[in-house]
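**Student:** Protein chains in written order, with this note's numbering: chain A, 142 to 216; chain B, 393 to 1195. Note that the Cβ used here is the ideal one computed from N, Cα and C, for glycine as well. Source: prediction; values computed, not measured. Can you read through this structure? Questions will come right after.
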């Protein structure tokens, strides 16, 4: 039956670890803003700037074609 | 042809998404509605920040061009010192409030400020609070440069006298999370250690039993001493004010359970009620957290200070400097430009001031003040630059005194007694009496069971479920309201709303719409060509009135305008197709000719073509959509009144909308409004005031519940309990009705939780409440009450059409 002492010791230690992690998270302000990080995580990394430029330029072309068309019809 | 018009209707400004019409402003083949939007796009594209446009379509904000604010005062070390959070030799940290941020593009751009300004080391958005935390290096950039940059991008930070007062906001919320987390940890573990006791029966040997008892005791210490401290504090605060609130029986219950359990474990007479205790605290804290939801981006406690600028331009020894308005002294010469607010009572020294006091009095027609006349603080200059001499310090001005008269900074707590307070009182008294009777009974019958029975009563009677019913029902209601553009300061306002029996409305800006005026042309009809000329000219201005005219005229083919000129606060002029066109105030259009038109409260824009005065466009305020229905529905159960700062020109029109106003008062000054509300309250009425401007601030402050109507909820609104989006005004009747409905849900939840209490008490008075029974009954009652109140509110919201 004395094995239960060890098990209790382990379980409490593990649980305490999580509690301490939680307290640390609250103290460092991770619970202050519960919305913005959810948006921030979707922003892409700096390195991929080249792909952005590509995306952007294709968008630009579409935009200008569309717009040119519109203008022609007006005139 | 059909398709052409459709496509044209879709030609939205690439930056901000307003219809660009067929304006010629175009860069990289992208249409823009105005020069401001184009400028922002150019800044962004020059810095490879066009990614901005990828997150959300047309995310931008049109920067205000026509009143470019002046930020010289941000170079003043005294001002900087007040604004920043922290500074060491190199890095400075400050938080700016930017109410304009609205989408993920905004977050992205604001967090990439370092790409636009090298000096910015780091910037971080808190979207819900609408704040931007910036760290910058003093050597490389300055606060003024950063603010100017933000303003040029359309994100003008909110800088006013109120923004230098820092608030200790986060501490409270963080400690609630900590308390909840610790309670959850202890609750979970205590449950595990209690299970052997419950299921082992008599088989478990004594040593492990006492081991678990002691572990439970240790684990419950932080809950009893730290997590539940807020209930002790609240109960104590209530008792000191001689109020028995719901936290009194809760604190009593927690205390008794804890002491009884400790005694049980130490004397080895039983396992104690530790799991019930920690579970109870855990559920109650969840209730607190749910109830504590606030709309952080909104400000319900605005002071007149948040209307005042931080600094004023002053002429000293011939030089113009900006100084913080707190250091304005009598005798200082102030320079006041168009659209600037007079910060202190002063005398006009140079120029003729046209001052718009709508902020103070509600009267929207500007008052003219000539040299030598006194201009009181709070007015806004409309027109050319003037010079004023300060006669009183800011803190002694008439406006500040008026403000202090009606109570100063903080609005007192609602005078309406909340249900949980009144129930708490009777509940506590009933429980104490029941305990006394039980003690007496067992004293007669069986001495050994006295302590057992008495503590069991206090344990089981702890009104956990009762305390959870209101937070969850009202909290859910508040969230539903929030989705409908009706933002409450806290969940308790739902209860106050349901008790109101008199509703007082302000007229202008509340029943009527601020920027949507119906427009009429008074005078000889215009030819098609003339309409085109007017529309072409008005297109070039960003003034709201010009925009309304453009919308009204709905012209597609516009001509170019030459020598366009916009005179602030006066009007615009230009030459279109060779014809000089002028739009603006009577003075501007007709020179200094005396006014022959009758005195009027409507806004007029005069027009002249080729120097010939062609009479005016008249802007009449339109009533909000659905006003008639809202008033007639609300009027069924409550008496409605009108309190307006304007003349009684609209009396008949209002009566035709809703005939049975209990009272209608016009020409009311802010102090009259306040007195009127006080009068109603003295007559025993529970008053809901619905207003919009600062001229209603006194009335809003005095009323039992105050709702401010705002077109843009993040913009200025006076101190209030709730902010209603102007577009949701048509739902007001349903929303108020639903407040009563959720009050009924709370009653039902109370009944349910009292049933549980009676059931528990049945065992308790007999001294038969076992720890296992308590451990089942307590969470069961709490969870079922929470589920009942939230689902009932949601379901009813659906059937009543509020969701």
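(1) What ranges does the alpha helix (DSSP H) occupy inside the segment 1013-1061 of chain B, keeping only unbroken runs of at least 4 residues that lie completely in it?
(2) Which bits of chain A does residue 835 of chain B rub up against, with CB to CB less than 8 angstroms?
(3) Give me the DSSP bridge partner(s) of residue 1083 of chain B.
(4) Entirely within the segment 836-885 of chain B and at least 3 residues each: give me those beta strand (DSSP E) ranges in chain order.
(5) Can you check which of these residues, B:963, B:789 and B:1023, is closest to residue 902 of chain B by C-alpha distance?
(6) Cβ of residue 911 of chain B less than 7 angstroms from any chain A Cβ?
(7) Please list, in chain order, the chain B residues whose beta carbon lies closer than 7 angstroms to that of residue 182 of chain A.
(8) What are the residues in the segment 148-163 of chain A lying within 9 angstroms of chain B by C-beta distance?
(9) Say whether the segment 1139-1150 of chain B touches the segment 1049-1058 of chain B, bearing in mind that this needs 3 or more beta-carbon pairs closer than 8 angstroms, one atom from each stretch.
(10) Would residue 477 of chain B be called buried (16 or more neighbouring beta carbons within 10 Å of its own) or exposed?
(11) Within 10 Å of its beta-carbon, does residue 912 of chain B have 16 or more other beta-carbons around it, so buried, or fewer, so exposed?
(12) Where does residue 744 of chain B fall in DSSP's three states?
(13) Does the beta carbon of residue 453 of chain B sit closer than 7 angstroms to a beta carbon anywhere in chain A?
(14) My understanding is that residue 716 of chain B touches residue 703 of chain B, with C-beta atoms under 8 angstroms, so please give their C-beta distance in whole angstroms.
(15) Assess, as a yes-or-no matter, whether the segment 633-640 of chain B is touched by the segment 811-826 of chain B under the definition of 3 or more beta carbon pairs within less than 8 angstroms.
(16) Less than 7 angstroms between C-beta atoms, sequence neighbours within five positions excluded: which residues of the same chain meet that for residue 917 of chain B?
(17) Where does residue 674 of chain B fall in DSSP's three states?
(18) When DSSP labels each residue in this structure, what does residue 194 of chain A get in the three-state scheme?
(19) What are the start and end residues of the alpha helix (DSSP H) that includes residue 897 of chain B?
(20) Sort B:498, B:405, B:1089 and B:580 by Cα distance to residue 542 of chain B and report the nearest one.
(21) Using a Cβ-Cβ cut-off of 6 angstroms (strictly less than) and excluding sequence neighbours within five positions of residue 1062 of chain B, which residues of its own chain qualify?
(22) Within 7 angstroms (strictly less), CB to CB, does residue 602 of chain B reach chain A?
(23) Rounded to whole angstroms, how far is the Cβ of residue 552 of chain B from the Cβ of residue 686 of chain B, which I believe are closer than 8 angstroms?
(24) Distance cutoff 7 angstroms, beta carbons only. Does residue 177 of chain A sit that close to anything in chain B?
(25) Comparing C-alpha positions only, which one of B:742, B:438 and B:718 sits nearest to residue 789 of chain B?
(26) Please decide whether residue 144 of chain A counts as near chain B, where near means a Cβ-Cβ distance under 7 angstroms.
(27) Output, in sequence order along the chain, the residues in the segment 613-632 of chain B whose CB is closer than 8 angstroms to any CB in chain A.
(28) Do you know how far the Cα of residue 609 of chain B is from the Cα of residue 659 of chain B?
(29) Closer than 8 angstroms between beta carbons: that is the criterion. Which residues of the segment 477-506 of chain B meet it against chain A?
(30) When you compare the CB of residue 560 of chain B with every CB in chain A, is at least one pair closer than 7 angstroms?
(31) On the three-state DSSP scale, how would you describe residue 468 of chain B?
(32) Just checking: is the beta-carbon of residue 517 of chain B within a distance shorter than 7 angstroms of some beta-carbon in chain A?
(33) Using DSSP bridges, identify the partner residues of residue 1008 of chain B.
(34) Taking contact to mean at least 3 C-beta pairs separated by less than 8 angstroms, is the segment 510-520 of chain B in contact with the segment 449-456 of chain B?
(35) Less than 7 angstroms between CB atoms is the rule here; does residue 581 of chain B satisfy it with respect to chain A?
**Tutor:** Reading from the atomic positions:
(1) Counting only runs of 4 or more, we get 1019-1026 and 1043-1049.
(2) Looking up residue 835 of chain B in the second chain gives position 443. By Cβ distance, chain A contributes nothing, its closest Cβ being about 42 angstroms from residue 835 of chain B, past 8 angstroms.
(3) Taking the second chain and counting its residues from 1, one reaches residue 1083 of chain B at position 691. According to DSSP, which records beta bridges pairwise, residue 1083 of chain B is partnered with B:1100.
(4) Within the segment 836-885 of chain B, the complete beta strand (DSSP E) runs of at least 3 residues are 878-880.
(5) In the second chain, residue 902 of chain B corresponds to position 510, counting from 1. Checked all of B:963, B:789 and B:1023; the closest Cα to residue 902 of chain B is B:1023.
(6) If you number the second chain from 1, residue 911 of chain B lands on position 519. For residue 911 of chain B, no Cβ of chain A is located within less than 7 angstroms of the residue's own Cβ.
(7) Here the question's residue 182 of chain A lines up with position 41 in the first chain. What residue 182 of chain A touches in chain B: nothing, since even the nearest Cβ is about 11 angstroms away.
(8) When CB distances to chain B are screened at a threshold of 9 angstroms, the residues of the segment 148-163 of chain A falling below it are 149, 152, 153, 156, 157, 159, 160 and 163, in chain order.
(9) The answer is no - the segment 1049-1058 of chain B does not touch the segment 1139-1150 of chain B, with fewer than three Cβ pairs under 8 angstroms.
(10) As a position in the second chain, residue 477 of chain B is number 85, starting the count at 1. That one is exposed.
(11) On the second chain, residue 912 of chain B is found 520 positions in, with the first residue counted as 1. So residue 912 of chain B ends up on the exposed side.
(12) Start at 1 with the first residue of the second chain, and residue 744 of chain B comes out as number 352. The DSSP-derived three-state label of residue 744 of chain B is coil.
(13) Position 61 of the second chain holds residue 453 of chain B. Not flagged as an interface residue toward chain A: residue 453 of chain B, since no C-beta distance is shorter than 7 angstroms.
(14) Position 324 of the second chain, counting from 1, holds the residue named residue 716 of chain B. Position 311 of the second chain, counting from 1, holds the residue named residue 703 of chain B. Confirmed, about 5 angstroms.
(15) At 8 angstroms Cβ cutoff, the stretches touch.
(16) On the second chain, residue 917 of chain B is found 525 positions in, with the first residue counted as 1. Once the five neighbours on either side are set aside, residue 917 of chain B has no close Cβ partner at all.
(17) Working through the second chain from its first residue, we reach residue 674 of chain B at position 282. In the structure shown, the three-state DSSP call for residue 674 of chain B is helix.
(18) As a first step, residue 194 of chain A is located in the first chain; it is residue number 53 there, counting from the start. Residue confidence for residue 194 of chain A is low, a pLDDT of 43 falling below 50, so the modelled location carries little weight and cannot support an answer.
(19) The residue labelled residue 897 of chain B in the question sits at position 505 within the second chain. Taken as a continuous stretch (DSSP letters only), residue 897 of chain B belongs to no alpha helix (DSSP H), being part of the beta strand (DSSP E) at 894-898.
(20) Counting from one through the second chain, the residue named residue 542 of chain B turns up at place 150. Nearest of B:498, B:405, B:1089 and B:580 to residue 542 of chain B, Cα basis: B:498.
(21) Walking along the second chain from the start, residue 1062 of chain B turns up at place 670. Contacts found: 1087 and 1090.
(22) Counting from 1 along the second chain, the entry for residue 602 of chain B is found at position 210. Cβ-Cβ to chain A under 7 angstroms: no for residue 602 of chain B.
(23) In the second chain, counting from the first residue as 1, residue 552 of chain B sits at position 160. In the second chain, counting from the first residue as 1, residue 686 of chain B sits at position 294. By a beta-carbon distance limit of 8 angstroms, residue 552 of chain B does not contact residue 686 of chain B. Their separation comes to about 21 angstroms.
(24) In the first chain, the residue the question calls residue 177 of chain A occupies position 36. Yes, its Cβ sits closer than 7 angstroms to a Cβ of chain B.
(25) Position 397 of the second chain, counted from the first residue, corresponds to residue 789 of chain B. When only C-alpha atoms are compared, the closest one is B:718.
(26) The residue labelled residue 144 of chain A in the question sits at position 3 within the first chain. Not one chain B Cβ lies under 7 angstroms of residue 144 of chain A.
(27) Under the 8 angstroms Cβ criterion, the segment 613-632 of chain B contributes no residue.
(28) For the purposes of this step, residue 659 of chain B is taken as the residue at position 267 of the second chain. For the purposes of this step, residue 609 of chain B is taken as the residue at position 217 of the second chain. Residue 659 of chain B and residue 609 of chain B: Cα-Cα distance of roughly 13 angstroms.
(29) Residues of the segment 477-506 of chain B with a C-beta less than 8 angstroms from any C-beta of chain A: 496, 499, 500 and 503, listed in chain order.
(30) On the second chain, position 168 is the one that residue 560 of chain B refers to. Any reading at residue 560 of chain B needs caution, since the residue's pLDDT is 49, under 50, leaving its predicted position unreliable; the model's value is listed next. At a cut-off of 7 angstroms between beta-carbon atoms, residue 560 of chain B makes no contact with chain A.
(31) Walking along the second chain from the start, residue 468 of chain B turns up at place 76. Coil.
(32) As a working note, residue 517 of chain B is residue 125 in the second chain. Interface annotation, residue 517 of chain B: in contact with chain A, CB-CB separation under 7 angstroms.
(33) As a position in the second chain, residue 1008 of chain B is number 616, starting the count at 1. DSSP output for residue 1008 of chain B lists B:914 and B:998 as bridge partner(s).
(34) Three or more Cβ pairs closer than 8 angstroms define a contact, and the segment 510-520 of chain B falls short of that threshold against the segment 449-456 of chain B.
(35) Mapped onto the second chain, residue 581 of chain B falls at position 189. With 7 angstroms as the cut-off, residue 581 of chain B counts as an interface residue toward chain A.
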